[in-house]
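*Asks:*
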Amino acid sequence: MSDVKYSKEHEWLKLDGDIATIGITKHATEMLGDIVFAELPEKGSSVEKDGTAGVVESTKAASDVYTPISGEVVDANQSIVDDPSKINADPEGDAWFFKLKIKDKNELDTLMNKEEYDKFAKESAQ
Amino acid sequence: MIKKTTLYNLHQKNGAKLVEFAGYEMPIQYKDGIIQEHKFTRSNCGIFDVSHMGQLFIYGDENLTNDLENIFPLDLKKLNINQSKYSFLMNDNAGIHDDLIITKVTGGYLIILNAACKENDFRIIKEKLNDKYDLQLSDKHSLIAIQGPEAKNILEKNINGVDKLKFMNGGNFKFQNSDAYVTRSGYTGEDGFEVSIGNNYAESFVEEMLKIGAKLAGLGARDTLRLEAGLCLYGNDIGMNTTPIEANLKWAISKNRIDTEYPGSKIIKNQIKSGVDKIRVGIKPENRVIARGNTKIFNNEKKEIGKITSGTFGPSVEHSIAMGYVENKYAILNTKLFLEVRGKKIPANVCNLPFYKKNYVKGEINV
Chain A
98 MSDVKYSKEH EWLKLDGDIA TIGITKHATE MLGDIVFAEL PEKGSSVEKD GTAGVVESTK
158 AASDVYTPIS GEVVDANQSI VDDPSKINAD PEGDAWFFKL KIKDKNELDT LMNKEEYDKF
218 AKESAQ
Chain B
14 MIKKTTLYNL HQKNGAKLVE FAGYEMPIQY KDGIIQEHKF TRSNCGIFDV SHMGQLFIYG
74 DENLTNDLEN IFPLDLKKLN INQSKYSFLM NDNAGIHDDL IITKVTGGYL IILNAACKEN
134 DFRIIKEKLN DKYDLQLSDK HSLIAIQGPE AKNILEKNIN GVDKLKFMNG GNFKFQNSDA
194 YVTRSGYTGE DGFEVSIGNN YAESFVEEML KIGAKLAGLG ARDTLRLEAG LCLYGNDIGM
254 NTTPIEANLK WAISKNRIDT EYPGSKIIKN QIKSGVDKIR VGIKPENRVI ARGNTKIFNN
314 EKKEIGKITS GTFGPSVEHS IAMGYVENKY AILNTKLFLE VRGKKIPANV CNLPFYKKNY
374 VKGEINV
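Heads up: the sequence lines are chains A and B, in that order. End of the first sequence sits at 223 in our numbering; the numbers just go up one at a time, nothing left out. End of the second sequence sits at 380 in our numbering; the numbers just go up one at a time, nothing left out.
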């Protein structure tokens, strides 16, 4: 998992060539509780780093999903829209949100590695 | 300062996620999460700590019933001892200070009040009764709700005799050496009980029920359960700007009190006779989008016609569900509405309440 990067908005990003797969972290799902609704960006749309790229709703509240980097949406995971409980079950695996063709690799430098994120998540939870 | 209920340690021990609610640190959920707690309550037995709610005991002579009839739109003279009614504390405009359950007990009445309203209710009721009676807003009693199809079996094993109670009736019972006042009632759409018990016994009482299969459920599940059951949440679905008639709760006004006086009676009588401008309805969005409180409601000509007051995903009905107020002419089954969520107009339909069919025990259904 060393190639996975994390944002302060609790998204994870996995890079494969110039395609980034993005989802929300396990920590985020634990904070949100049971997720009952997910909305994803449309295929072909462009998203800007730190901009809104979707919504998740738990039984408690709605939260925006942000994209940690800029790019063009090349895929969105319809299976989590059809069954949002998958997000709680496997947030950092099967329940990815969308895939981006990334615009600027330098943006990746602003993100955290796993160790940094775990520390950040622990501190922000307090 | 934020208050804690007697069961605070038990909540922590059971992995509760605690939030501030009405000045109390309360469990919104435990380890299993809201959906599992909700479903377990529907299929088995959920236990809710509702000790933050007000338990107002009023003791007095035969004049007390008359004086309380000047406050509540109920026929209290006809109320049997240990019988409960749902009612409202209103102002002169029929705005709702609080909704409550009033039970006739030996020597007086017990009124269960919402946590956020209880201090204000106490002041209003005390003033209206001219300080003539003994009023106690007890903090010595915990209030525990035991809800679900297995509630009667699980509670019966700890408090002998409760399975004979009829819906919206109560009685004095014993848990071990402690007095407990038990009513068959609840806020989930399931059969169930609410138990008022001395703080000293509250934790062991709950522990005994957990040992034989009950599970704790938090305020999150309480909210999804009550919304599926079509029940109002004070502060969301009813409040100072809604009357009981607008809230579609006319059934709670005793028929023989419609022409008599109580706070708000003129407005209530007029609204029953002439109708209301807005009314509470059930609303089902056509997809999974959740329309929460304050979501604007539009008609098919893009005219704003009301607002959502509560909305969530119903774990048992497996659908997005909501309640809200619409202009009276739209309060017709299957009327198409549009809900504005994040800038988009989500199609929805007016539907019957409750969303979830009740499983109350036989007996008096029509409260």
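Glycine is no exception: its CB is placed at the ideal position from the N, C-alpha and C atoms. Given the structure is predicted, the values throughout are model-derived calculations rather than measurements.
Using a Cβ-Cβ cutoff of 9 Å, what residues of the region 129 to 140 of chain A are near chain B? List them in chain order.
*Replies:* Gly130, Asp131, Val133, Phe134, Ala135 and Glu136
*Asks:* Please confirm whether threonine 325 (chain B) and leucine 240 (chain B) have their CB atoms less than 9 Å apart.
*Replies:* The residue labelled residue 325 (chain B) in the question sits at position 312 within the second sequence. The residue labelled residue 240 (chain B) in the question sits at position 227 within the second sequence. It is a contact, given that the beta carbons lie within the stated cut-off.
*Asks:* My parser needs the alpha helix (DSSP H) runs of 4 or more residues fully inside the region 249 to 321 of chain B; what are they?
*Replies:* 278 to 287
*Asks:* Examine chain B for any beta-carbon lying closer than 9 Å to the beta-carbon of threonine 159 (chain A), and answer yes or no.
*Replies:* Numbered from its first residue, the first sequence carries residue 159 (chain A) at position 62. The identity of residue 159 (chain A) in the sequence shown is alanine, whereas the question assumes threonine. Cβ-Cβ to chain B under 9 Å: yes for alanine 159 (chain A).
*Asks:* Between which residues of its own chain and asparagine 261 (chain B) is the CB-CB distance below 6 Å, once the five residues before and five after are set aside?
*Replies:* As a position in the second sequence, residue 261 (chain B) is number 248, starting the count at 1. Closer than 6 Å at Cβ, skipping near neighbours: Ile292 and Arg293.
*Asks:* Note down, in chain order, every chain B residue with its Cβ under 7 Å from the Cβ of glutamate 154 (chain A).
*Replies:* To locate residue 154 (chain A), count along the first sequence from 1; it is residue 57. Going along chain B in sequence order, the residues near glutamate 154 (chain A) (Cβ under 7 Å) are Ile303.
*Asks:* Could you give the DSSP three-state label for glycine 151 (chain A): helix, strand or coil?
*Replies:* Locating residue 151 (chain A) in the first sequence gives position 54, counting from the first residue. Looking at glycine 151 (chain A) - three-state DSSP - the assignment turns out to be strand.
*Asks:* What's the gap between the Cα of asparagine 283 (chain B) and the Cα of aspartate 105 (chain B)?
*Replies:* Here residue 283 (chain B) is taken as the residue at index 270 of the second sequence, counted from 1. Here residue 105 (chain B) is taken as the residue at index 92 of the second sequence, counted from 1. Taking the straight line from one Cα to the other gives about 13 Å.
*Asks:* What residues in the region 323 to 349 of chain B have a beta carbon less than 7 Å from any beta carbon of chain A?
*Replies:* Taking 7 Å as the Cβ-Cβ cut-off against chain A, the residues of the region 323 to 349 of chain B that qualify are Thr325 and Phe326.
*Asks:* If I measure Cβ to Cβ from aspartate 88 (chain B) and keep anything under 7 Å in the same chain, skipping five residues before and after, which residues do I get?
*Replies:* Taking the second sequence and counting its residues from 1, the one referred to as residue 88 (chain B) is at position 75. Excluding residues within five positions, the ones whose Cβ falls inside 7 Å are Ser267, Asn269 and Arg270.
*Asks:* Helix, strand or coil: which one does DSSP assign to phenylalanine 85 (chain B)?
*Replies:* Residue numbering aside, residue 85 (chain B) sits at position 72 when the second sequence is read from its first letter. DSSP places phenylalanine 85 (chain B) in the coil class of the three-state scheme, outside both helix and strand.
*Asks:* Who pairs with methionine 209 (chain A) in a beta bridge, going by DSSP?
*Replies:* One-based indexing of the first sequence puts residue 209 (chain A) at position 112. DSSP lists A:Tyr103 as partners of methionine 209 (chain A).
*Asks:* For chain B, check one thing: does any of its Cβ atoms lie closer than 9 Å to the Cβ of asparagine 174 (chain A)?
*Replies:* Locating residue 174 (chain A) in the first sequence gives position 77, counting from the first residue. Taking Cβ atoms only, chain B never reaches closer than 9 Å to asparagine 174 (chain A), which makes this a no.
*Asks:* Give the DSSP-derived three-state secondary structure of glutamine 68 (chain B) in the structure shown.
*Replies:* Counted from its first residue, the second sequence places residue 68 (chain B) at position 55. Glutamine 68 (chain B) falls in the strand class under three-state DSSP.
*Asks:* Can you pull the chain A neighbours of threonine 237 (chain B), defined as C-beta to C-beta under 8 Å?
*Replies:* Against the second sequence, residue 237 (chain B) aligns to sequence position 224. Under the 8 Å cutoff, chain A gives Thr156.
*Asks:* Using a Cβ cut-off of 9 Å, which residues of the region 33 to 59 of chain B contact any Cβ in chain A, in chain order?
*Replies:* For the region 33 to 59 of chain B, residues whose beta-carbon sits nearer than 9 Å to a beta-carbon of chain A comprise Ile41, Gln42, Gly46, Ile47, Ile48, Gln49 and His51.
*Asks:* Less than 8 Å between the CB atoms is what I'm expecting for tyrosine 37 (chain B) and histidine 65 (chain B), so what's the real figure, rounded?
*Replies:* Counted from its first residue, the second sequence places residue 37 (chain B) at position 24. Counted from its first residue, the second sequence places residue 65 (chain B) at position 52. Between histidine 65 (chain B) and tyrosine 37 (chain B) the Cβ distance is about 4 Å, and since that is below 8 Å, they are a contact.
*Asks:* Looking at C-beta atoms only, is the number of pairs between the region 168 to 188 of chain B and the region 73 to 80 of chain B that lie closer than 8 Å three or more?
*Replies:* no
*Asks:* For glycine 248 (chain B), return the contacting residues in chain A, with the cut-off set at a CB-CB distance below 9 Å.
*Replies:* For the purposes of this step, residue 248 (chain B) is taken as residue 235 along the second sequence, with counting starting at 1. The contacting residues do not exist; glycine 248 (chain B) stays about 16 Å from chain A at best.
*Asks:* Going along the chain, which residues of its own chain have a beta-carbon closer than 8 Å to the beta-carbon of valine 152 (chain A), five neighbours each way excluded?
*Replies:* Position 55 of the first sequence holds residue 152 (chain A). Leaving aside the five residues that flank valine 152 (chain A) on each side, the residues in its chain whose CB is nearer than 8 Å to its CB run, in chain order, Phe134, Ala135, Glu136, Ala159, Ser160, Asp161 and Val162.
*Asks:* Could you check what DSSP says for serine 198 (chain B) in three-state terms: helix, strand or coil?
*Replies:* Residue numbering aside, residue 198 (chain B) sits at position 185 when the second sequence is read from its first letter. In the three-state reduction of the DSSP assignment, serine 198 (chain B) falls in the coil class.
*Asks:* Nearest chain B C-beta to asparagine 210 (chain A) closer than 9 Å, yes or no?
*Replies:* Translated into positions along the first sequence, residue 210 (chain A) becomes position 113. So no, asparagine 210 (chain A) is outside the interface.
*Asks:* Quick one: list the residues of chain A neighbouring glycine 233 (chain B), beta-carbon separation under 8 Å, in chain order.
*Replies:* Counted from its first residue, the second sequence places residue 233 (chain B) at position 220. Against chain A, a Cβ distance below 8 Å from glycine 233 (chain B) picks out Gly130, Thr156 and Lys157.
*Asks:* On a Cα-Cα basis, can you pick out the residue from A:Asp172, A:Leu112, A:Lys105 and A:Asn185 that is closest to aspartate 201 (chain A)?
*Replies:* Within the first sequence, numbered from 1, the residue matching residue 201 (chain A) stands at position 104. The candidate whose alpha carbon is nearest that of aspartate 201 (chain A) is A:Leu112.
*Asks:* Taking the C-alpha atoms as reference points, what is the distance between valine 171 (chain A) and lysine 198 (chain A)?
*Replies:* As a working mapping, residue 171 (chain A) is identified with position 74 in the first sequence. As a working mapping, residue 198 (chain A) is identified with position 101 in the first sequence. If you draw a straight line from the Cα of valine 171 (chain A) to the Cα of lysine 198 (chain A), it is about 6 Å long.
*Asks:* Going by DSSP in three states, valine 171 (chain A) sits in which element: helix, strand or coil?
*Replies:* Along the first sequence, one-based indexing puts residue 171 (chain A) at 74. Reduced to three states, the DSSP call for valine 171 (chain A) is strand.
*Asks:* Measuring CA to CA, which of B:Ile310, B:Tyr338, B:Gly73 and B:Asn341 is closest to valine 358 (chain B)?
*Replies:* For the purposes of this step, residue 358 (chain B) is taken as residue 345 along the second sequence, with counting starting at 1. The amino acid occupying residue 358 (chain B) in the given sequence is lysine; valine does not appear at that position. It is B:Ile310 whose Cα lies nearest to the Cα of lysine 358 (chain B).
*Asks:* Which residue comes first and which comes last in the alpha helix (DSSP H) that contains lysine 123 (chain A)?
*Replies:* Locating residue 123 (chain A) in the first sequence gives position 26, counting from the first residue. Unbroken alpha helix (DSSP H) run through lysine 123 (chain A): 123 to 129.
*Asks:* If you draw a straight line from the C-alpha of leucine 366 (chain B) to the C-alpha of alanine 125 (chain A), how long is it?
*Replies:* Here the question's residue 366 (chain B) lines up with position 353 in the second sequence. Here the question's residue 125 (chain A) lines up with position 28 in the first sequence. Straight-line Cα distance between these residues: approximately 34 Å.
*Asks:* Going along the chain, which residues of its own chain have a beta-carbon closer than 8 Å to the beta-carbon of isoleucine 132 (chain A), five neighbours each way excluded?
*Replies:* The residue given as residue 132 (chain A) occupies position 35 in the first sequence. If we look at isoleucine 132 (chain A) and ignore the five residues flanking it on each side, its Cβ neighbours are Thr126, Val153, Glu154, Ser155, Pro181, Ser182, Ile184 and Asn185.
*Asks:* If we cut at 9 Å on Cβ distances, does lysine 30 (chain B) have a partner in chain A?
*Replies:* Position 17 of the second sequence, counting from 1, holds the residue named residue 30 (chain B). Closer than 9 Å to some Cβ of chain A, the Cβ of lysine 30 (chain B) qualifies, so yes.
*Asks:* Are there three or more Cβ pairs, one per stretch, closer than 8 Å when the region 91 to 101 of chain B is compared with the region 44 to 51 of chain B?
*Replies:* no
*Asks:* Run the CB neighbour count on isoleucine 225 (chain B), radius 10 Å, all protein chains shown included, and call it buried at 16 or more, exposed below.
*Replies:* The residue given as residue 225 (chain B) occupies position 212 in the second sequence. Exposed.
*Asks:* Check whether chain B comes within 9 Å of proline 188 (chain A), counting only Cβ atoms and requiring the distance to be less than that.
*Replies:* If you number the first sequence from 1, residue 188 (chain A) lands on position 91. No, no contact with chain B.
*Asks:* Would asparagine 203 (chain A) pass as an interface residue toward chain B - the criterion being a Cβ-Cβ separation below 9 Å?
*Replies:* Translated into positions along the first sequence, residue 203 (chain A) becomes position 106. It does not: the Cβ of asparagine 203 (chain A) has no partner Cβ on chain B nearer than 9 Å.
*Asks:* Helix, strand or coil: how does DSSP classify methionine 98 (chain A) here?
*Replies:* For the purposes of this step, residue 98 (chain A) is identified with residue 1 of the first sequence, where counting begins at 1. Confidence in methionine 98 (chain A) is poor, its pLDDT being 43 and thus under 50, which makes the residue's placement too unreliable to answer from.
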